[in-house]
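A.B. asks:
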Amino acid sequence: MKKKVLVLSGGISKERLISLDTGLQVAKELKKNGYRVKISEPDNNLKKNIKIFQPNVVFNALHGQFGEDGYTQSILESFQIPYTHSGVIASSIAMDKEISKKIFIKNKIKTPKYFTYSYDLPTSDLIKKIKKKLKFPVVVKPLNEGSSVNVYICNKKNIIKTLTSIKNYKKVMIEEFIGGREIQVAIMGNKKLGAIELRPKRKFYDYKAKYNSSAKTEHIIPVNLPSNKMKQLLDIALKAHKIIGCKGVTRSDFKFYNGKFYILEINTQPGMTKLSLVPEIAAYKGISFLKLIEWILIDASKKK
Ligand SMILES: Nc1ncnc2c1ncn2[C@@H]1O[C@H](COP(=O)(O)OP(=O)(O)O)[C@@H](O)[C@H]1O
Ligand SMILES: [Mg+2]
69 MKKKVLVLSG GISKERLISL DTGLQVAKEL KKNGYRVKIS EPDNNLKKNI KIFQPNVVFN
129 ALHGQFGEDG YTQSILESFQ IPYTHSGVIA SSIAMDKEIS KKIFIKNKIK TPKYFTYSYD
189 LPTSDLIKKI KKKLKFPVVV KPLNEGSSVN VYICNKKNII KTLTSIKNYK KVMIEEFIGG
249 REIQVAIMGN KKLGAIELRP KRKFYDYKAK YNSSAKTEHI IPVNLPSNKM KQLLDIALKA
309 HKIIGCKGVT RSDFKFYNGK FYILEINTQP GMTKLSLVPE IAAYKGISFL KLIEWILIDA
369 SKKK
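Heads up: the sequence shown is residues 69 to 372, going by this note's numbering.
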């Protein structure tokens, strides 16, 4: 008999809409193939929904804060129900760009230089610090968002205004800007699934470039890299997946500049619509959307 799957989507993060899309598409694909499916928000009704529906497994289609950062995972642990993707600790480490960067650096995985800023320096000192440590332009980003929400490329002229506009984060990351190509890698369990290159028409791979088809970001697969470089890239992604302690499917974001790969982050719950990057890489490798989802569900039942 086919499994009962509770698909968890929506939530209260800034990636709510993307998550609803992921959830809907995963649910549709499963229903079409004979699974019994219920979609739920991660709200006060979750416990009741689980009690009434009695799912065999939860497909966690949430993205961003509270859904991808260990919070929901710890609730699911307390319900003692198998759930997809990484466990509590790996999820919370991967969602925190500062902590994961420290782990990357410790393990000799190249990542852009950075420092964090807690709005505690006079602006002239901040500008001096950037000039000394990073040089302009720099990238300003929150520590725990996704989908490029509130990620900005800044120069000396606009950085203070940008920082002021996102002051509610209290602490942000200021990172060295890396030019060159943008390549992302999917890992599936302990397998290097493959890579895809993104060529945005916009200034960088921002929210619109990711989700508005009219922004016309080009997806390039296979990625044109010499085989030794491709191997190097896939090896780094697998190493990142392992040292953070991830499980299931992850997607790591890289910049490739001057022959070197720089990891930007690792995503423990990458987008799972039919048009998302991991399903696109999987399809290229001959793994259908259904097969990918089914693998994720089977993997969920294995110990974290
Ligand atoms: N240091 C950087 N240099 C150049 N571009 C960057 C840098 N950091 C981020 N970006 C651009 O911003 C996008 C989003 O940044 P990322 O760190 O992956 O955050 P998010 O979690 O929002 O996806 C990247 O895909 C890339 O296009
Ligand atoms: Mg990213």
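The beta carbon of each residue, even a glycine, is placed where N, CA and C say it ideally should be.
These numbers were taken from a predicted model, which means no experiment stands behind them.
Return the bridge partner residues of ARG319 from the DSSP annotation.
C.D. replies: Reading the sequence shown from its first residue, position 251 is the one you call residue 319. Paired residue(s): ALA254 and ASN335.
A.B. asks: Nearer than 7 Å: is that true of the beta carbon of VAL164 relative to any heavy atom of ligand 2?
C.D. replies: Position 96 of the sequence shown, counted from the first residue, corresponds to residue 164. Checking the sequence shown, residue 164 turns out to be Asp, not Val. No, Cβ of ASP164 sits at least 7 Å from all heavy atoms of ligand 2.
A.B. asks: Under the assumption that LEU387 contacts GLU244 (Cβ atoms under 8 Å), give the Cβ distance between them as a whole number of angstroms.
C.D. replies: Limits of the chain in this structure are 69 at one end and 372 at the other, which puts residue 387 out of reach.
A.B. asks: Hey, would you say the C-beta of GLY214 is under 7 Å away from at least one heavy atom of ligand 1?
C.D. replies: Translated into the one-based positions of the sequence shown, residue 214 becomes position 146. For ligand 1, at least one heavy atom lies less than 7 Å from the Cβ of GLY214.
A.B. asks: Given that a residue counts as buried once 16 or more other Cβ atoms are within 10 Å of its Cβ, and exposed if not, what is GLU136?
C.D. replies: By one-based count along the sequence shown, residue 136 stands at place 68. Label assigned to GLU136: buried.
A.B. asks: Measure the C-alpha to C-alpha separation of SER233 and ASN226 and round it to an integer number of angstroms.
C.D. replies: Within the sequence shown, residue 233 is the residue found at index 165, counting from 1. Within the sequence shown, residue 226 is the residue found at index 158, counting from 1. Distance between the alpha carbons of SER233 and ASN226: 11 Å.
A.B. asks: Can you look up ALA129 in the DSSP assignment and give me helix, strand or coil?
C.D. replies: Walking along the sequence shown from the start, residue 129 turns up at place 61. ALA129 falls in the coil class under three-state DSSP.
A.B. asks: Any chance the CB of PHE172 is under 7 Å from a heavy atom of ligand 1?
C.D. replies: In the sequence shown, the residue the question calls residue 172 occupies position 104. False, no ligand heavy atom lies under 7 Å from that Cβ.
A.B. asks: When you compare only the Cα positions, how much space is there between ALA158 and PHE172?
C.D. replies: Start at 1 with the first residue of the sequence shown, and residue 158 comes out as number 90. Start at 1 with the first residue of the sequence shown, and residue 172 comes out as number 104. Taking the straight line joining both Cα atoms gives about 13 Å.
A.B. asks: Between the alpha carbons of TYR220 and LYS269, how many angstroms are there, rounded?
C.D. replies: On the sequence shown, residue 220 is found 152 positions in, with the first residue counted as 1. On the sequence shown, residue 269 is found 201 positions in, with the first residue counted as 1. In a straight line, the C-alpha of TYR220 is about 16 Å away from that of LYS269.
A.B. asks: Helix, strand or coil: which one does DSSP assign to GLY262?
C.D. replies: Position 194 of the sequence shown, counted from the start, is the residue given in the question as residue 262. The answer is strand: DSSP assigns GLY262 an E or B state.
A.B. asks: Hey, quick one: how far does the beta strand (DSSP E) through ARG104 stretch, first residue to last?
C.D. replies: By 1-based counting over the sequence shown, the position of residue 104 is 36. Taken as a continuous stretch (DSSP letters only), the beta strand (DSSP E) holding ARG104 covers 104 to 108.
A.B. asks: How many angstroms separate the CA atom of GLU286 from the CA atom of LEU302?
C.D. replies: The residue you call residue 286 lines up with position 218 of the sequence shown. The residue you call residue 302 lines up with position 234 of the sequence shown. Roughly 21 Å separates the two Cα atoms.
A.B. asks: Using CA atoms only, rank isn't needed, just tell me which of ILE80, TYR103, LEU74 and ILE161 is closest to LYS310.
C.D. replies: Translated into positions along the sequence shown, residue 310 becomes position 242. Of the listed residues, the one whose Cα sits closest to LYS310 is ILE161.
A.B. asks: Please determine whether the Cβ atom of ASP321 lies at a distance below 7 Å from any heavy atom of ligand 2.
C.D. replies: Taking the first residue of the sequence shown as 1, we reach residue 321 at position 253. Yes, ligand 2 has a heavy atom inside 7 Å of this Cβ.
A.B. asks: Would you kindly report the start and end of the unbroken beta strand (DSSP E) that includes TYR279?
C.D. replies: Here residue 279 is taken as the residue at index 211 of the sequence shown, counted from 1. Per DSSP, TYR279 belongs to no beta strand (DSSP E); it is in the alpha helix (DSSP H), 275 to 279.
A.B. asks: Just list the beta strand (DSSP E) runs in the segment 156 to 202, keeping only unbroken ones of 3 residues or longer that don't cross its boundaries, in chain order.
C.D. replies: Counting only runs of 3 or more, we get 182 to 185.
A.B. asks: Take ILE118 and list the residues in its own chain whose beta-carbon comes closer than 7 Å to its own, dropping the five residues that flank it on each side.
C.D. replies: The residue labelled residue 118 in the question sits at position 50 within the sequence shown. If we look at ILE118 and ignore the five residues flanking it on each side, its Cβ neighbours are LEU74, PHE147 and ILE149.
A.B. asks: From ASN112 to LYS82, what does the alpha carbon distance come to, in whole angstroms?
C.D. replies: Counting from 1 along the sequence shown, the entry for residue 112 is found at position 44. Counting from 1 along the sequence shown, the entry for residue 82 is found at position 14. Looking at the two C-alpha atoms, the distance is approximately 19 Å.
A.B. asks: Using 10 angstroms around the beta-carbon of LYS209, count the other beta-carbons present and answer buried if the total reaches 16, otherwise exposed.
C.D. replies: Residue 209 sits at position 141 when you count from the first residue of the sequence shown. Looking at its Cβ environment, which holds 16 or more other Cβ atoms inside 10 Å, LYS209 is buried.
A.B. asks: Who does HIS287 pair with in a DSSP beta bridge?
C.D. replies: Looking up residue 287 in the sequence shown gives position 219. LEU266.
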